Amino acid sequence: MTKIDQPNQAPAAWTPADNKGNPGQGKFTARLHQSVQAVWAGCHEHPFLTELRSGSLSLDRFAFYMKQDYVFLKDYVKMFALGSLKAWDLETMGKFADLLQQTLNVEMELHRQYAEKFGITRDELESTEPAPVTLAYTKYMLDAGAQGTLGDVVASLLPCMWSYSEIGSEAVRLHPECLKHELYREWFMMYNSDEFRSLADWCVQLMDQLAEGLPERELARLEERFVTTSRFEYMFWDMAYRKAAWDI
Ligand SMILES: Cc1ncc(CN)c(N)n1
Numbered sequence: 001m002t003k004i005d006q007p008n009q010a011p012a013a014w015t016p017a018d019n020k021g022n023p024g025q026g027k028f029t030a031r032l033h034q035s036v037q038a039v040w041a042g043c044h045e046h047p048f049l050t051e052l053r054s055g056s057l058s059l060d061r062f063a064f065y066m067k068q069d070y071v072f073l074k075d076y077v078k079m080f081a082l083g084s085l086k087a088w089d090l091e092t093m094g095k096f097a098d099l100l101q102q103t104l105n106v107e108m109e110l111h112r113q114y115a116e117k118f119g120i121t122r123d124e125l126e127s128t129e130p131a132p133v134t135l136a137y138t139k140y141m142l143d144a145g146a147q148g149t150l151g152d153v154v155a156s157l158l159p160c161m162w163s164y165s166e167i168g169s170e171a172v173r174l175h176p177e178c179l180k181h182e183l184y185r186e187w188f189m190m191y192n193s194d195e196f197r198s199l200a201d202w203c204v205q206l207m208d209q210l211a212e213g214l215p216e217r218e219l220a221r222l223e224e225r226f227v228t229t230s231r232f233e234y235m236f237w238d239m240a241y242r243k244a245a246w247d248i
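Numbering (UniProt numbering), first residue to last: 1 to 248.
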């Protein structure tokens, strides 16, 4: 397995372009990973995730997360539609179309079944009002995708896949006790699965392909997308921990 096939670790080191116009070395995703080190570390160490790993997270906090995540997923799948729309080759168009159908018809059904184990009904999921952070995150992502190129779609989506894959695999590797909780273990198994890892892998590789040969101005915009949605990932954990809905 090459480094790039392991989305849970940063790909080979990145050096920026110099001021004589020479391009930087290494993978663009290494630069992205470096730029969010502190944000992702903040996610790993957020009480929502430390308590989820130890099994001490309260069920009402997790239920809040599940409901907001359902709202999130509805817009997340629309990003796949945008990916298919903005791609130029049939293979990438097909991959995004498959992801759309898989997520909409398989993963969201699994989410509904999993939510039932926490006493959340399907009606409750469907009628969940987006909390401010969920709304800001999903609308930012959809706007970035709608206004931009396929690179913007992928840069905005990448933290969703890559950070969750890293969270799932690091949890199981470093805190195997996370698999002991009768309800939360399923969550860790999903994000530590080979399927999820290969999805994150694919997205990392696509990002590097799309970044190849782009001028620094465009790379900087893609980096900004990636950093922004990474920050939203952090805020999503924090929102769920605080159960931060509208307070007015
Ligand atoms: C907020 C959020 N971000 C990412 C994922 C992983 N698809 C998720 N389920 N929810």
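Backbone N, C-alpha and C fix where the C-beta goes; we use that ideal spot for every residue, glycine too.
The model shown is predicted, which means the values in this text are computed figures rather than measured ones.
For residue i, which residues from the same chain have a beta carbon less than 6 Å from its beta carbon, with the 5 sequence-adjacent residues on both sides left out?
| i | result |
| --- | --- |
| Phe64 | Ala240 and Lys243 |
| Cys203 | Leu158 and Met161 |
| Leu57 | Glu51 |
Out of the options, point me to the one whose CA is closest to residue i's CA.
| i | options | result |
| --- | --- | --- |
| Ser156 | Glu45, Arg173, Phe80 and Asn105 | Phe80 |
| residue 258 | Leu32, Asn192, Cys178 and Lys67 | Residue coverage of the chain in this structure runs from 1 to 248, which leaves residue 258 outside it and unanswerable. |
| Ala30 | Gln209, Met235 and Asp89 | Gln209 |
| Tyr114 | Trp246, Asp69 and Leu82 | Asp69 |
| Ser193 | Ala171, His181 and Leu206 | Ala171 |
| residue 279 | Gly94, Trp88, Met207 and Thr121 | Outside the displayed span of the chain (1 to 248) sits residue 279, for which this structure offers no information. |
| Met141 | Gly83, Leu214, Asp247 and Gln37 | Gly83 |
| Thr134 | His33, Asp123 and Arg231 | Arg231 |
| Leu110 | Glu91, Tyr137, Glu186 and Lys139 | Glu186 |
When you compare the CB positions of residue i and residue j, do they come within less than 8 Å of one another, or not?
| i | j | result |
| --- | --- | --- |
| Leu222 | Gly151 | yes |
| Trp237 | Ala200 | no |
| Cys160 | Thr229 | yes |
| Tyr234 | Val39 | yes |
| Lys86 | Thr149 | yes |
| His175 | Arg53 | yes |
| Arg112 | Leu99 | no |
Take residue i and list the residues in its own chain whose beta-carbon comes closer than 8 Å to its own, dropping the five residues that flank it on each side.
| i | result |
| --- | --- |
| Thr103 | Leu73, Tyr76, Val77 and Phe80 |
| Trp246 | Glu129, Ala131 and Pro132 |
| Phe48 | Leu57, Arg61, Tyr65, Trp237, Asp238, Ala240 and Tyr241 |
Among the residues of its own chain, which have a CB less than 7 Å from the CB of residue i, if the five just before and after it don't count?
| i | result |
| --- | --- |
| Leu59 | Phe118 |
| Tyr191 | Tyr164, Ser165, Ile167 and Gly168 |
For the putative contact between residue i and residue j, defined by C-beta atoms under 8 Å, what is the C-beta separation to the nearest angstrom?
| i | j | result |
| --- | --- | --- |
| Ser35 | Val227 | 6 Å |
| Tyr184 | Gly55 | 6 Å |
| Arg217 | Ala144 | At roughly 16 Å, the Cβ-Cβ gap does not stay under 8 Å, so Arg217 and Ala144 are not in contact. |
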